[in-house]
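Asker: Residue numbering for the sequence shown follows numbering that gives the first Met the number 0, starting at 0 and increasing by one per position.
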Amino acid sequence: MKIAKNVYALESTKGSYSYLIIDKEPILVDTGYPGKFEDILKEINSLNLDPKSIKHIFLTHHDVDHVGNAALLQKETSATLWASKHDIPYILGDRGRPGIKKLISFIMRPKKPEKIQAYPDTILEDIQIISTPGHTPGHVSLLYKDILFVGDLVGNTNGKLKKPPKFGNSNNKSIDESIIKMNEYDFKWICPAHGEPLELKDEWEQLVKNIGRN
Ligand SMILES: [Zn+2]
Numbered sequence: 000m001k002i003a004k005n006v007y008a009l010e011s012t013k014g015s016y017s018y019l020i021i022d023k024e025p026i027l028v029d030t031g032y033p034g035k036f037e038d039i040l041k042e043i044n045s046l047n048l049d050p051k052s053i054k055h056i057f058l059t060h061h062d063v064d065h066v067g068n069a070a071l072l073q074k075e076t077s078a079t080l081w082a083s084k085h086d087i088p089y090i091l092g093d094r095g096r097p098g099i100k101k102l103i104s105f106i107m108r109p110k111k112p113e114k115i116q117a118y119p120d121t122i123l124e125d126i127q128i129i130s131t132p133g134h135t136p137g138h139v140s141l142l143y144k145d146i147l148f149v150g151d152l153v154g155n156t157n158g159k160l161k162k163p164p165k166f167g168n169s170n171n172k173s174i175d176e177s178i179i180k181m182n183e184y185d186f187k188w189i190c191p192a193h194g195e196p197l198e199l200k201d202e203w204e205q206l207v208k209n210i211g212r213n
């Protein structure tokens, strides 16, 4: 699905979207549930891009449905794989995922990448790396032009932005703070992993108002 010029939501990862930015250096944002590797390659090819030309893979956070194909994609493309320094130990298995996420990763067994770089504090390849902790300790949102990739900071349920279920978050107060913080940024498109991309900034303001009411 085309979002804007050179930005696509990969249909093969529907359920936990991976996004493709075809810029000077092509970039993948998140990699979907495990087992989608072949379909992702096929879809990238269908967009007239050689998957081997992907230079970077940006992970929003450590959850299995986001890092699911990171190891295989990194091998195939030799892209640099990036994540927050707080989430890297979970992805590499140096730290156990908490609660229900432990069971999910036991069942889904995502392959561990060989190497992950920690994000710099600000900008990487024209993308602003914004720390938005709460769903996981090192969750980031990524701002490219007027398109905000939010990972699981919020999802889209039938056109409404929703916070992720409380039980899956590392810190629910931090999520609220992260949502309020993002309202200060300029963006038009909101691209969540769960649910369809939305072209509405008003929705974000509504979400912030609702936090105030709680
Ligand atoms: Zn997710």
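No residue lacks a Cβ here, since even glycine has one placed at the ideal position from N, Cα and C.
This one's a predicted model, so the numbers in the text were calculated from it and none came from an experiment.
For K101, count the other beta carbons within 10 Å of its own beta carbon; 16 or more makes it buried, fewer makes it exposed. Which is it?
Answerer: Taking the sequence shown and counting its residues from 1, the one referred to as residue 101 is at position 102. With fewer than 16 Cβ atoms within 10 Å of its Cβ, K101 is classed as exposed.
Asker: How would you write the range of the beta strand (DSSP E) that I2 sits in, first residue to last?
Answerer: Indexing the sequence shown from 1 puts residue 2 at position 3. K1 to A3 is the span of the beta strand (DSSP E), which, as asked, contains I2.
Asker: Using 8 angstroms as the Cβ pair cut-off and three pairs as the minimum, do the stretch 60–74 and the stretch 31–40 touch?
Answerer: Contact between the stretch 60–74 and the stretch 31–40 is present, because at least three Cβ pairs lie under 8 angstroms.
Asker: Taking the CB atoms as reference points, tell me whether S177 and P132 lie closer together than 8 angstroms.
Answerer: Here the question's residue 177 lines up with position 178 in the sequence shown. Here the question's residue 132 lines up with position 133 in the sequence shown. Yes, the Cβ-Cβ distance between S177 and P132 is below 8 angstroms.
Asker: Helix, strand or coil, according to DSSP, for N44 in the structure here?
Answerer: Taking the sequence shown and counting its residues from 1, the one referred to as residue 44 is at position 45. DSSP places N44 in helix when its eight states are reduced to three.
Asker: So is the beta-carbon of A192 under 7 angstroms away from any non-hydrogen atom of ligand 1?
Answerer: What you label residue 192 is simply residue 193 of the sequence shown in a count that begins at 1. Yes, the beta carbon of A192 sits closer than 7 angstroms to at least one heavy atom of ligand 1.
Asker: Is the distance from the Cβ of L160 to the Cβ of E202 below 8 angstroms?
Answerer: Residue numbering aside, residue 160 sits at position 161 when the sequence shown is read from its first letter. Residue numbering aside, residue 202 sits at position 203 when the sequence shown is read from its first letter. Yes, Cβ-Cβ distance for L160 and E202 is below 8 angstroms.
Asker: Compute the Euclidean distance between the alpha carbons of I128 and G31, then round it to the nearest angstrom.
Answerer: Translated into positions along the sequence shown, residue 128 becomes position 129. Translated into positions along the sequence shown, residue 31 becomes position 32. Cα to Cα, I128 sits roughly 20 angstroms from G31.
Asker: Quick one: residues in its chain with C-beta nearer than 6 angstroms to the C-beta of Y118, no 5 flanking neighbours on either side, listed in chain order?
Answerer: In the sequence shown, the residue the question calls residue 118 occupies position 119. For Y118, where only same-chain residues beyond five positions count, the Cβ hits under 6 angstroms are W81, S83 and I128.
Asker: For the 8 angstroms Cβ check, are there 3 or more pairs between the stretch 57–70 and the stretch 175–189?
Answerer: Because the criterion of three Cβ pairs below 8 angstroms is not met, the stretch 57–70 and the stretch 175–189 do not touch.
Asker: Quick check on T156: buried or exposed, where buried means 16 or more other Cβ atoms within 10 Å of its Cβ?
Answerer: For the purposes of this step, residue 156 is taken as the residue at position 157 of the sequence shown. It counts as exposed.
Asker: Relative to the alpha-carbon of G98, which residue among F166, Q116 and Y18 has its alpha-carbon at the smallest distance?
Answerer: Residue mapping note: residue 98 aligns to position 99 of the sequence shown, counting from 1. Of the listed residues, the one whose Cα sits closest to G98 is F166.
Asker: Between H138 and ligand 1, is the CB less than 7 angstroms from at least one heavy atom?
Answerer: Indexing the sequence shown from 1 puts residue 138 at position 139. Incorrect: H138 has no Cβ contact closer than 7 angstroms to ligand 1.
Asker: Less than 8 angstroms between the CB atoms is what I'm expecting for E124 and E24, so what's the real figure, rounded?
Answerer: Counting from one through the sequence shown, the residue named residue 124 turns up at place 125. Counting from one through the sequence shown, the residue named residue 24 turns up at place 25. That pair is a contact at about 6 angstroms.
Asker: Can you tell me where the beta strand (DSSP E) holding V153 begins and where it ends?
Answerer: Here residue 153 is taken as the residue at index 154 of the sequence shown, counted from 1. Counting along the chain, V153 falls outside any beta strand (DSSP E), and DSSP gives it neither H nor E.
Asker: Take P33 and list the residues in its own chain whose beta-carbon comes closer than 8 angstroms to its own, dropping the five residues that flank it on each side.
Answerer: What you label residue 33 is simply residue 34 of the sequence shown in a count that begins at 1. Around P33: V63, G67, N68, M107, R108, P109 and K110.
Asker: CB-CB under 8 angstroms to I217, same chain, minus the five flanking residues each way: which ones, in chain order?
Answerer: Because the chain here runs from 0 to 213, residue 217 falls outside it and cannot be looked at.
Asker: Kindly indicate which three-state DSSP category P191 falls into: helix, strand or coil?
Answerer: Within the sequence shown, residue 191 is the residue found at index 192, counting from 1. Correct three-state label for P191: strand.
Asker: Say whether chain D places a C-beta atom closer than 8 angstroms to the C-beta of G14.
Answerer: Going by chain labels, chain D is absent from the structure shown, which holds only one protein chain.
Asker: Report all residues from its chain with a CB closer than 6 angstroms to the CB of N171; omit the five preceding and five following residues, and keep chain order.
Answerer: Working through the sequence shown from its first residue, we reach residue 171 at position 172. For N171, where only same-chain residues beyond five positions count, the Cβ hits under 6 angstroms are K165.
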